[in-house]
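Contents: one structure, followed by commentary.
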Amino acid sequence: MPTPAPVHPLQVVSFGGGFNLPLWAARDRGFFAQHRVNPTLHITPDSRGLFGGLMDGRYQVAITALDNIVAYQEGQGEQRFATAPDFFAFMGSDDGFLSLVGAPDVASIADLRGKTVSVDAMSNGFSLVLREMLARHGLKDSDVQWARAGGTDRRFAALMERQHSATMLRAPFDIQAQARGFRVLATTAEVIGPYLGICGAARRSWAQANRDATVGFIRAYRDGIRWLKMPTNREAAITLLQANQSGLSREVAQASCERMLHPLRGFFSDVPLDPQGVRAVMDLRSRLGEPPRALTDPNRYTDNSYWMQAMQA
């Protein structure tokens with residue numbers, strides 16, 4: 013009998029939240045085991061911890077915003093490393109499911125003038141999307157107060173405690189907030205259009221030395237999404253979300269799945285690095301990154317070869 017392929021242990025890092033649904037599905041439905049990878053999931057408080065852990069080898073794979081990768085590769089991230097980073101994206105997950113959510117007394121983006129808005133970090137994450145939303149509604153960066161509050165789960169908690177007046181939230185946190193009387197002021201899809209929010213990322217040096225593990229992770233994550241999006245599995249998906257996201261009511265879990273598992277606007281069924289979405293990220297950072305510079309080469313931040321191999325039968 014042929015020798016079975018080795019199982020690759022992986023340390024995978026993500027931010028806390030129900031948007032980890034594909035990871036939970038791939039784990040519980042056996043897709044990671046099927047594709048010979050054995051991930052341990054870690055939750056990071058912020059992007060500094062995520063990229064610091066990738067750089068020092070504590071984590072091998074990250075589920076994070078493409079803009080974070082672009083920022084660090086352009087020397088615009090929150091921290092500096094002794095050696096040049098080699099982060100890149102090998103698959104796409106979704107458009108970010110991003111909404112600008114305000115407190116109940118904030119009726120519009122214009123009402124944020126003079127108020128405090130929170131971000132993970134001013135230099136990366138989704139802060140550029142938030143700044144673009146403000147600018148398109150006539151607000152300059154100096155028209156609001158900025159607070160650094162960490163990843164989405166921490167920003168959500170701070171917003172619920174009224175520490176800040178608004179922040180960017182991903183589903184299902186925006187839906188949870190609406191259920192408590194908070195307001196969705198705008199979405200990325202409405203303001204920017206196609207945008208690659210979340211991707212699978214690693215260091216190039218690690219992925220080159222562990223190609224089978226990288227390809228296996230892509231296949232398992234893809235299979236998790238495909239399973240989740242099958243209409244016959246909707247009830248199981250809702251149950252899975254509630255089991256892994258504490259405090260989620262049945263109604264909020266159902267609404268969250270309707271959004272995240274939408275056939276067209278939900279998780280990417282084939283997890284591609286959508287070129288139009290990648291370009292949107294680059295264009296936004298070209299204008300708002302510090303210092304501003306024209307970003308023209310997506311291959312500085314992405315590599316499609318792992319995805320292409322994963323899609324082969």
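Per the working numbering, the very first residue in the sequence shown carries number 13; after that it's consecutive. Don't be surprised by glycine CBs; every beta carbon is placed ideally from N, CA and C. These numbers were taken from a predicted model, which means no experiment stands behind them.
Looking at residue j and residue i, is the spacing between their C-beta atoms short of 8 Å?
i      : j      : result
Lys73  : Val19  : Inspection of the sequence shows that residue 73 is occupied by Val rather than by Lys. No; because the gap between Cβ atoms is not below 8 Å, this pair is not in contact.
His176 : Ala159 : yes
Asp326 : Phe100 : Past the edges of the chain, shown from 13 to 325, lies residue 326, and the structure says nothing about it.
Tyr313 : Thr226 : no
Phe229 : Leu78  : no
Val283 : Ser26  : no
Glu90  : Ala133 : yes
Leu112 : Val156 : no
Phe109 : Phe31  : yes
Leu307 : Met294 : yes
Gly28  : Gly163 : yes
Ala17  : Phe102 : no
Leu142 : Val131 : yes
Pro206 : Ala265 : no
Asp40  : Arg216 : no
Would you mind working out which of the options sits nearest residue i, comparing C-alpha positions?
i      : options                           : result
Thr199 : Ile210, Arg192 and Asp186         : Asp186
Gly150 : Ala122, Asn136, Met134 and Ala169 : Ala122
Tyr233 : Ala306, Arg70, Ala191 and Met323  : Met323
Ser59  : Asp286, Arg312, Val293 and Ile210 : Ile210
Val82  : Ser317, Pro16, Met320 and Gly301  : Gly301
Val203 : Leu171, Asp155, Val290 and Glu144 : Glu144
Asn222 : Arg166, Val49, Ala178 and Leu35   : Val49
Asp117 : Val196, Asp98, Leu22 and Phe99    : Val196
Asp153 : Gly114, Val129 and Gly278         : Val129
Gly11  : Gln91, Ala77 and Ala178           : Summary: the structure shown does not reach residue 11, with the chain confined to residues 13 through 325, and so no result is reported for it.
Pro303 : Gln88, His47 and Pro57            : Gln88
Arg182 : Phe138, Met172 and Ala213         : Phe138
Glu263 : Ile237, Met242 and Gln188         : Gln188
Leu208 : Arg297, Pro184, Ala133 and Leu240 : Arg297
His47  : Pro310, Ala248, Asp224 and Thr251 : Asp224
Met272 : Arg299, Ser258, Leu240 and Leu307 : Leu240
Ile237 : Ala191, Ser281 and Val290         : Ser281
Ala94  : Met103, Phe102 and Tyr84          : Tyr84
Ala325 : Arg231, Ser261, Asn245 and Arg299 : Arg231
Ser261 : Gln190, Phe102 and Asn136         : Gln190
Gly193 : Arg174, Asn136 and Arg291         : Arg174
Gly278 : Met320, Pro184, Met180 and Gly69  : Pro184
Any idea if residue i is buried or exposed, counting beta-carbon neighbours within 10 angstroms, 16 or more meaning buried?
i      : result
Gln254 : buried
Ala96  : exposed
Pro51  : buried
Ser268 : buried
Gln288 : exposed
Glu86  : buried
Ser275 : The sequence shown places Pro at residue 275, not Ser. It counts as exposed.
Thr56  : buried
Arg148 : exposed
Gln257 : buried
Asn311 : exposed
What are the boundary residues of the beta strand (DSSP E) that includes residue i?
i      : result
Ile230 : It is not in any beta strand (DSSP E) - Ile230 instead sits in the alpha helix (DSSP H) that spans Arg223 to Lys241.
Val49  : Val49 to Thr56
Arg182 : Ala178 to Arg182
Arg215 : Ile210 to Arg215
Ala159 : Gln157 to Arg160
In the DSSP assignment, find the unbroken alpha helix (DSSP H) run with residue i in it and report its ends.
i      : result
Met323 : Ser317 to Met323
Thr244 : Per DSSP, Thr244 belongs to no alpha helix (DSSP H) and is neither H nor E.
Gly205 : Counting along the chain, Gly205 falls outside any alpha helix (DSSP H), and DSSP gives it neither H nor E.
Gly64  : Ser59 to Asp68
Thr164 : Thr164 to Met172
Pro34  : Leu33 to Asp40
Gln288 : Pro287 to Leu300
Ala198 : First-last for Ala198: Arg195 to Thr199, but that is the beta strand (DSSP E), not the alpha helix (DSSP H).
Phe279 : Unbroken run through Phe279: none, as it is neither H nor E.
Val264 : Arg262 to Met272
Gln175 : Unbroken run through Gln175: none, as it is neither H nor E.
Gln46  : Phe43 to Gln46
### Task
Any chance you could list the beta strand (DSSP E) runs of at least 3 consecutive residues sitting entirely within the region 70-120, in chain order?
73-77, 99-106 and 110-114
### Entirely enclosed alpha helix (DSSP H) segments - the region 126-150, minimum 4 residues
139-148
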